[in-house]
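When you line the sequence shown up against this note's numbering, it's residues 16 to 151, in that order. Where a beta carbon is used, it is the ideal one built from N, C-alpha and C, also for glycine.
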Amino acid sequence: MPGLAAKPIIDIMLGLPALNNIAPYIPALKSAGFHLQPQMAAAMPDRHDFAKPAAHPRAVHLHAVALDSGFWRDKLAFRDALRADGHLAEQYADLKRQLAQNHSDDRAAYTDAKSAFIAAVLAAAAGKPHDKPLSR
16 MPGLAAKPII DIMLGLPALN NIAPYIPALK SAGFHLQPQM AAAMPDRHDF
66 AKPAAHPRAV HLHAVALDSG FWRDKLAFRD ALRADGHLAE QYADLKRQLA
116 QNHSDDRAAY TDAKSAFIAA VLAAAAGKPH DKPLSR
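Put into structure tokens, the structure is as follows:
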């Protein structure tokens, strides 16, 4: 999202008609310099992950997901909520900066620590009750 504090990594989602339809896209992804990350499949079976370059530090993560998946819908709903509410986007940016300091060497902890905020935003976007109210 333009202007939002972020790691120096570009995240891209590739929407597929079905998750098992990845094979026709692999040659083009390989020719563009993307490398399949099969070790991610056990933890995240709802997507295929690719990285560019193959070794760290990586510049791009590409997540191939089914267009009808919860992952696809949630990522777009979260993006749309941040785009629609500048204050909410600022809160998220502040949280990310704080977590980056607290978890600079632990990506999993950084990601986990964002989950409550993201869940609250998604629940609010869906009009559902959630555990922690968003401050406005």
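Given a cut-off of 9 Å, decide if residue j and residue i are closer than it, judged by their beta-carbon atoms.
| i | j | result |
| --- | --- | --- |
| Asp61 | Ser84 | yes |
| Ala140 | Phe93 | yes |
| Ala24 | Ala74 | First, the residue type needs correcting, since residue 24 is Ile and not Ala in the sequence shown. Yes, the pair counts as a contact, with Cβ atoms nearer than the cut-off. |
| His78 | Asp121 | no |
| Leu19 | Ala104 | yes |
| His50 | Ala66 | yes |
| Gly48 | Pro68 | yes |
| Lys111 | Met28 | no |
Which term fits residue i, buried or exposed, when burial requires 16 or more other beta carbons within 10 angstroms of its beta carbon?
| i | result |
| --- | --- |
| Asp64 | buried |
| Ala96 | buried |
| His102 | exposed |
Within the same chain, show all residues whose beta-carbon is closer than 7 Å to that of residue i, passing over the 5 residues directly before and after it, in chain order.
| i | result |
| --- | --- |
| Gly30 | Val80, Leu82, Trp87 |
| Ala128 | Leu114, His118 |
Starting from the C-beta of residue i, find all residues in its chain whose C-beta is less than 6 Å away, skip the five residues before and the five after it, and write them out in chain order.
| i | result |
| --- | --- |
| Asn35 | none |
Can you list, in chain order, the stretches of the alpha helix (DSSP H) that have 4 or more residues and sit fully within the stretch 33-84?
41-46
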